[in-house]
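Chemist: One structure, as structure tokens, below. Some questions next.
Residue numbers (full-length UniProt numbering), protein chains in the order written: chain A, 1 to 283; chain B, 1 to 256.
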């Protein structure tokens, strides 16, 4: 039987093989070769795509370069979402490698409508990513521990969480993160579970509400209980075919899985459980 | 003891605020989200400001432009003193400046405000849009806002800093989690600026405690708004306080 700690490693080291191709409308001095990269599911695009940028900048003239932004089949990819979430939400069940288009010009007829979101498509520096990451961790701890654990940490501990993510150092990260995963034994779990449920069927980017891991009567809440409360449409009706898949880190956990266990083992480094609800493929 | 708001009390405070806003013609509306019970308070304001969007450096002179938070917009004038170029925020309605002298010159609604006199640089008319949402993680309201020119161009974070009063700017920039950042609006998905909520409980606690000690009614959202609104140019007319007292409008204050 797999040790629970193995799950932590599997989550951390999850990778998505990706092929980056330059948008055809970009003005280039010569043909650009596609660039292949294994993307960490738990990281963020601007943190790991420097090489992609450098590769394509080689064939471009400086004056044609604005900010790099990325798109998949007409959907611009928001930089502040974990990479694994973007893939599960938009490209699950498709043939690998994940084909991402690289843009350097902001205007693009294909995605013109979505460019009102342009400010969410690129970020200016790593410190912006760090601020976003730490802000998520603090928000998660506000839910789990009324911020007590994260506030009791020293600045260097916060820094270690970020450096662990940035440099892909599992042990360095978890040396501190394990404290964020503790709870008083008499409680049975965190105060509330930090989660976000994503879907692409409406404009609302995600659902996030208060939800306890254990009911007042002492019943352990499951993934199914969470969905029943927050997004009942995601669950199949009795006897009906399953219309939606509920995906976390590229897999469909059993709906009977205890939410507390999921929060401790399948959260992203930002301490949130990111859950994608996607239509079941029809073929 | 903690003074966290719960979602129901938040909605209740908002509904009260909405009623008073209607009486004062202060322009707030409630926007629901399709398919759910969630919603937010919304208000738009036209304002004439001087926008300084050219490269800047911060007052400490560290000169970095790629900081997480943008720097102040002060420029040394010829004498080498720093002059405030950007601030020019007109009050939303006369009441907050003139007191309650005239109610009847509110013929227009909220969208025509005073145009301020600008000492240097060119003024632009901008439309600011403010949203008040509830953060269940922090148990507080959160202020989201964005600004567009009349041609529909959205303002960058640098430009938005220009419209934050200088008295507040330094304080906001010094504490990264108490500052203005660009975020995805949790209900609409569009980019909005947000004032981070994690310190709200800290400043609300003495307000709520005092109100409880003195047996005064308090509307959490109104009190909170009167603190954070002015940071980003959103005035809260004093007249709200006269409407608050007659009704026994107790906010959320449930010590935890």
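In this text, a Cβ means the ideal position worked out from N, Cα and C, and glycines have one as well.
Since the model is a prediction, treat every value here as computed from it, not as a measurement.
Does any residue of chain A bring its CB to less than 7 Å from the CB of residue 10 (chain B)?
Modeler: Here the question's residue 10 (chain B) lines up with position 10 in the second chain. Chain A places no beta carbon closer than 7 Å to that of residue 10 (chain B), leaving this residue out of the contacts.
Chemist: Which of the three DSSP states is assigned to residue 240 (chain A) in this structure?
Modeler: The residue you call residue 240 (chain A) lines up with position 240 of the first chain. In the structure shown, residue 240 (chain A) sits in coil (DSSP, three-state: anything other than H, G, I, E or B).
Chemist: Where in the segment 118 to 191 of chain B do unbroken runs of the beta strand (DSSP E), each at least 3 residues long, occur, reported from the N-terminal end onward?
Modeler: Under the rule that a run must span 3 or more residues, the beta strand (DSSP E) segments found entirely inside the segment 118 to 191 of chain B read 123 to 135, 140 to 149, 180 to 184.
Chemist: For the segment 262 to 274 of chain A against the segment 164 to 182 of chain A, are there 3 or more C-beta pairs whose distance is under 8 Å?
Modeler: yes
Chemist: Provide the residue span of the alpha helix (DSSP H) that contains residue 130 (chain A), from first to last.
Modeler: The residue you call residue 130 (chain A) lines up with position 130 of the first chain. 126 to 145 is the extent of the alpha helix (DSSP H) around residue 130 (chain A).
Chemist: Please report the straight-line C-alpha distance between residue 45 (chain B) and residue 281 (chain A), rounded to a whole angstrom.
Modeler: Residue mapping note: residue 45 (chain B) aligns to position 45 of the second chain, counting from 1. Residue mapping note: residue 281 (chain A) aligns to position 281 of the first chain, counting from 1. Cα-Cα distance, rounded: 46 Å.
Chemist: Establish whether the CB of residue 206 (chain B) and some CB of chain E are separated by less than 7 Å.
Modeler: The question asks about chain E, but that chain is absent: this structure's protein chains are A and B.
Chemist: Are the C-beta of residue 136 (chain B) and some C-beta of chain A separated by less than 7 Å?
Modeler: Your numbering for residue 136 (chain B) matches position 136 in the second chain. By this cut-off, residue 136 (chain B) is an interface position.
Chemist: To the nearest angstrom, how far is the alpha carbon of residue 98 (chain B) from that of residue 239 (chain B)?
Modeler: Here residue 98 (chain B) refers to the residue found at position 98 when the second chain is read from its first residue. Here residue 239 (chain B) refers to the residue found at position 239 when the second chain is read from its first residue. Because residue 98 (chain B) sits at a pLDDT of 34, beneath the cut-off of 50, its placement in the model cannot be relied upon, and the following sentence gives the value as read from the coordinates. Straight-line measurement puts the Cα of residue 239 (chain B) at about 11 Å from the Cα of residue 98 (chain B).
Chemist: Looking only at its chain, what residues have a beta carbon closer than 6 Å to the beta carbon of residue 208 (chain A), apart from the 5 residues adjacent to it on each side?
Modeler: Against the first chain, residue 208 (chain A) aligns to sequence position 208. Closer than 6 Å at Cβ, skipping near neighbours: 196.
Chemist: List the whole-angstrom C-beta distance separating residue 165 (chain A) from residue 43 (chain A), where the pair is believed to meet the contact cut-off of C-beta under 8 Å.
Modeler: In the first chain, counting from the first residue as 1, residue 165 (chain A) sits at position 165. In the first chain, counting from the first residue as 1, residue 43 (chain A) sits at position 43. About 7 Å separates the two Cβ atoms, so the contact holds.
Chemist: Should the segment 34 to 42 of chain B be called in touch with the segment 160 to 171 of chain B, which here means at least 3 C-beta pairs below 8 Å?
Modeler: no
Chemist: Assess, as a yes-or-no matter, whether the segment 235 to 242 of chain A is touched by the segment 12 to 28 of chain B under the definition of 3 or more beta carbon pairs within less than 8 Å.
Modeler: no
Chemist: Quick check on residue 83 (chain A): does DSSP put it in helix, strand or coil?
Modeler: The count along the first chain starts at 1 and reaches residue 83 (chain A) at position 83. The answer is helix: DSSP assigns residue 83 (chain A) an H, G or I state.
Chemist: So if DSSP puts residue 44 (chain B) in a beta bridge, which residue, or which two residues, is it bridged to?
Modeler: Here residue 44 (chain B) refers to the residue found at position 44 when the second chain is read from its first residue. Beta-bridge pairing links residue 44 (chain B) to B:129.
Chemist: Alpha carbon to alpha carbon, how far is residue 211 (chain A) from residue 78 (chain B)? Give it in angstroms, no decimals.
Modeler: Here residue 78 (chain B) refers to the residue found at position 78 of the second chain. Here residue 211 (chain A) refers to the residue found at position 211 of the first chain. Any reading at residue 78 (chain B) is ruled out, since the residue's pLDDT is 35, under 50, leaving its predicted position unreliable.
Chemist: Let me confirm a value: residue 308 (chain A) is counted as buried when at least 16 other C-beta atoms fall within 10 Å, else exposed. Which label applies?
Modeler: This structure does not reach residue 308 (chain A), given that chain A is present from 1 up to 283, and the question cannot be answered.
Chemist: Does any heavy atom of the ligand FAD sit closer than 6 Å to the C-beta of residue 36 (chain A)?
Modeler: Only the bare structure without any ligand can be found here, which leaves the ligand FAD out of the picture.
Chemist: So what does DSSP say about residue 60 (chain A), is it helix, strand or coil?
Modeler: Taking the first chain and counting its residues from 1, the one referred to as residue 60 (chain A) is at position 60. In the structure shown, residue 60 (chain A) sits in a strand (DSSP, three-state: E or B).
Chemist: Roughly how many angstroms separate the alpha carbons of residue 139 (chain A) and residue 22 (chain A), rounded to a whole number?
Modeler: In the first chain, counting from the first residue as 1, residue 139 (chain A) sits at position 139. In the first chain, counting from the first residue as 1, residue 22 (chain A) sits at position 22. Cα to Cα, residue 139 (chain A) sits roughly 36 Å from residue 22 (chain A).
Chemist: Give, in chain order, every residue of the segment 185 to 209 of chain A whose Cβ lies closer than 9 Å to some Cβ of chain B.
Modeler: 192, 194, 202, 203, 204, 205, 206, 207, 208, 209
Chemist: The beta strand (DSSP E) that contains residue 102 (chain A), what's its start and end?
Modeler: Your numbering for residue 102 (chain A) matches position 102 in the first chain. That run of the beta strand (DSSP E) goes 98 to 103.
Chemist: Quick one: what does DSSP say residue 7 (chain B) is sitting in, helix, strand or coil?
Modeler: To locate residue 7 (chain B), count along the second chain from 1; it is residue 7. Helix, per DSSP.
Chemist: When the cut-off is 7 Å and only beta carbons count, does residue 91 (chain B) lie next to chain A?
Modeler: The residue given as residue 91 (chain B) occupies position 91 in the second chain. Because the pLDDT at residue 91 (chain B) is just 34, under 50, the model does not fix this residue reliably, and the value given afterwards should be weighed accordingly. No, its Cβ sits nowhere closer than 7 Å to a Cβ of chain A.
Chemist: So, for residue 223 (chain B): in the same chain, excluding its five sequence neighbours on each side, which residues have a beta-carbon less than 6 Å away from its beta-carbon?
Modeler: Here residue 223 (chain B) is taken as the residue at index 223 of the second chain, counted from 1. Excluding sequence neighbours, residue 223 (chain B) sits near 207.
Chemist: Could you say if the segment 55 to 72 of chain A and the segment 143 to 159 of chain A meet the contact criterion of at least three C-beta pairs nearer than 8 Å?
Modeler: no
Chemist: Examine chain A for any beta-carbon lying closer than 7 Å to the beta-carbon of residue 62 (chain B), and answer yes or no.
Modeler: Sequence index remark: in the second chain, residue 62 (chain B) carries index 62 (1-based). In this prediction, residue 62 (chain B) scores a pLDDT of 34, lower than 50, which makes its location untrustworthy; no coordinate-derived value is stated.
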